[in-house]
Amino acid sequence: TAMGALVTHITGGAEAKTFQPMNVNFGLFPPIDAKAGRRGRAVRYRAYTDRAKQAFIEWLS
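All residue numbers for the sequence shown refer to the numbering used here, where the first residue is 149 and numbers rise by one.
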């Protein structure tokens, strides 16, 4: 999810001296499988959305 990507950015290897705040963007998300990533931006963003929806459904149950 977007919140998870931001938390990972903040807690994952950022040093206080060099830390730069950042708004959420797709570059913060973990990569998706290669097939969806090579078909174009819209398909890649849809794959990010589908993955986030599935993770949210699993979290709810």
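Built from N, CA and C at the ideal position, the CB exists for glycine as well. Note that the structure is predicted; figures quoted are calculated from it, not measured.
Candidates the options: closest to residue i by CA position
i	options	result
residue 176	149, 167, 199, 187	149
residue 180	170, 164, 165, 200	200
residue 193	205, 178, 206, 207	178
Residue i and residue j closer than 8 Å at C-beta
i	j	result
residue 153	residue 172	yes
Cβ separation of residue i and residue j, assumed to be a contact under 8 Å, to the nearest whole Å
i	j	result
residue 196	residue 167	With a Cβ gap of about 25 Å, residue 196 and residue 167 do not count as contacting.
- request: With a floor of 4 residues, list each alpha helix (DSSP H) that falls wholly inside the segment 171 to 204, ordered by position along the chain.
  value: Correct list: 182 to 185.
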